[in-house]
Amino acid sequence: MSDIVGLAASIVTLASLALQGGALLLDEINNFKDAPKAIQSLKDDVSSTESIINSLKEMKGSDWALLGPTVAQQTKVAINDCEKAYRGCRESIQDMTRHSREERLSILDQAKVSFFKERHLKAMTGRLHACKLSLNSAVVVATLYSSVRHGSVTEEIKQQISIREAEVVNSLNSTDTQLITTNGELETANLEVAAIESDHVYNRALNVINQMEAERDTLECSRGLLEELRKKVCIEEIEKAAKGNEERITSTVTMGDNFRGVQTGFVTNSTITNTFGGMST
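Numbering-wise, the sequence shown is residues -23 to -1, 1 to 258 according to mature numbering (1 follows the signal peptide of the UniProt record, and there is no 0).
Okay, structure coming up:
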């Protein structure tokens, strides 16, 4: 349990840093005059992810204990990666602002810069979307486990398990598909960079490749969390958690946090609202 408490504390700290990073990224986007639509669209992903991270931040050690240390550790890594994604996107936007006016470039080089800029934006969008997808799945599964904290696995909960299991599997499949696509695009981009003669275009292209590699790393991180969640979001595992929690309650009656609910809502394919750290209010 001490490991879980330590992980829960780390998650709170990293979640706070990620939320700060998200706020800074939103400021950067809002200050980007005449920003491309792809940049403006990042705001929705950032806002949604901030809500999800807030939900994870509110979870207690007892909530993570139900999910287990592996899921807690993977979530911690994913939140940390999300903060890095925010920072990377912010730095990329600052770089785009500095190079918003391409001077003394041939028509061919301008076309190449525009081409790599599109890939850059695509990588940024993909990275933030991957963060949102995996962290939201963590909240969804945590909500299921929280719902059996004070009771048994009802037929209604079993139906929810089936729905959430399908969502996690879909998210995992989507991440796998995006990983394959990103790896293929990285191979192509590396070949194209090798043929570039202009130093200016070459440096810009290298920045894009770095962003694409960061997207790949985020997808792999998200996949690790989703794979662990897939193992957890099944009737057998949730019934086991409910039974174990029932036995602990029987042996030790605890007053305090068990009766303080924190209401959390979050974005998912079909919205759920539940409580972490105690009974619903």
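We put the beta carbon where it would ideally sit given N, CA and C, even for glycine.
Since the model is a prediction, treat every value here as computed from it, not as a measurement.
Item checked: Whole-Å CB distance - N167 paired with R193, under 8 Å assumed -> Mapped onto the sequence shown, residue 167 falls at position 190. Mapped onto the sequence shown, residue 193 falls at position 216. Wrong, their Cβ atoms sit about 12 Å apart, outside the cutoff.
Item checked: Nearest candidate by alpha-carbon position, reference S24, set P13, A172, A(-1) -> Taking the first residue of the sequence shown as position 1, residue 24 is located at position 47. With distances taken between Cα atoms, S24 lies closest to A(-1).
Checklist line | Environment of I157 [buried if 16+ CB atoms lie within 10 Å] | finding: What you label residue 157 is simply residue 180 of the sequence shown in a count that begins at 1. Exposed, since its Cβ has fewer than 16 Cβ neighbours within 10 Å.
Notebook entry, point to check: Which value, in whole angstroms, describes the spacing of the CA atoms of A42 and C108?
Noted result: If you number the sequence shown from 1, residue 42 lands on position 65. If you number the sequence shown from 1, residue 108 lands on position 131. Taking the straight line joining both Cα atoms gives about 23 Å.
Check: Using DSSP with H/G/I as helix, E/B as strand and the rest coil, what is K14?
Finding: Position 37 of the sequence shown, counted from the start, is the residue given in the question as residue 14. K14 sits in a helix when the DSSP states are folded into three classes.
Item checked: Proximity below 8 Å, CB of E204 to CB of L121 -> As a working note, residue 204 is residue 227 in the sequence shown. As a working note, residue 121 is residue 144 in the sequence shown. Not closer than 8 Å, so no.
Notebook entry, point to check: Which of helix, strand or coil does DSSP assign to I173?
Noted result: In the sequence shown, residue 173 corresponds to position 196, counting from 1. Look at I173 here: in three-state DSSP terms it is coil, with no helix or strand label.
Note to self: What would DSSP say about G128, mapped onto helix, strand or coil?
What the structure shows: Stepping through the sequence shown from its first residue, residue 128 is reached at position 151. Coil.
Next item on the list: Name the residue from K20, S32, E169 whose alpha carbon lies nearest to the alpha carbon of D4.
Entry: Position 27 of the sequence shown, counted from the first residue, corresponds to residue 4. Cα-wise, what sits closest to D4 is K20.
Check: Is it the case that the Cβ atoms of I6 and I56 are separated by a distance below 8 Å?
Finding: What you label residue 6 is simply residue 29 of the sequence shown in a count that begins at 1. What you label residue 56 is simply residue 79 of the sequence shown in a count that begins at 1. Taking a C-beta distance under 8 Å as the contact criterion, I6 and I56 do not qualify as a contact pair.
Notebook entry, point to check: Just the Cα atoms here: how many angstroms apart are L33 and A171?
Noted result: In the sequence shown, counting from the first residue as 1, residue 33 sits at position 56. In the sequence shown, counting from the first residue as 1, residue 171 sits at position 194. One C-alpha to the other measures close to 43 Å.
Notebook entry, point to check: Taking V118 as the reference, which of G103, I138, I173, A(-6) has the closest Cα?
Noted result: As a first step, residue 118 is located in the sequence shown; it is residue number 141 there, counting from the start. Just measuring C-alpha positions, the residue of G103, I138, I173, A(-6) sitting nearest V118 is I138.
Note to self: Using a Cβ-Cβ cutoff of less than 8 Å, which residues in the same chain neighbour A100 once the five nearest sequence positions on both sides are dropped?
What the structure shows: Here residue 100 refers to the residue found at position 123 of the sequence shown. If you ignore the 5 residues before and after A100, its C-beta comes within less than 8 Å of the C-beta of T159, V185, Q188, M189, A191, E192, all in its own chain and listed in chain order.
Notebook entry, point to check: Does DSSP classify K109 as helix, strand or coil?
Noted result: Your numbering for residue 109 matches position 132 in the sequence shown. Shown here, K109 sits in a helix according to DSSP, grouped into three states.
Checklist line | Assigned secondary structure, M45 (DSSP; H/G/I helix, E/B strand, else coil) | finding: Here residue 45 refers to the residue found at position 68 when the sequence shown is read from its first residue. First, the amino acid is wrong: residue 45 is Gly here, not Met. The three-state secondary structure of G45, taken from DSSP, is coil.
Next item on the list: Please classify C59: does DSSP put it in a helix, a strand, or coil?
Entry: Within the sequence shown, the letter at position 82 stands for residue 59. Note: C59 maps to helix in three-state DSSP.
Next item on the list: If I'm right that G103 touches Q155 with Cβ under 8 Å, what's the distance once you round it to whole angstroms?
Entry: Counted from its first residue, the sequence shown places residue 103 at position 126. Counted from its first residue, the sequence shown places residue 155 at position 178. That pair is a contact at about 6 Å.
Next item on the list: Give the secondary structure of V210 by DSSP, where H, G and I count as helix, E and B as strand, and everything else as coil.
Entry: Here residue 210 refers to the residue found at position 233 of the sequence shown. Three-state DSSP puts V210 in coil, outside helix and strand.
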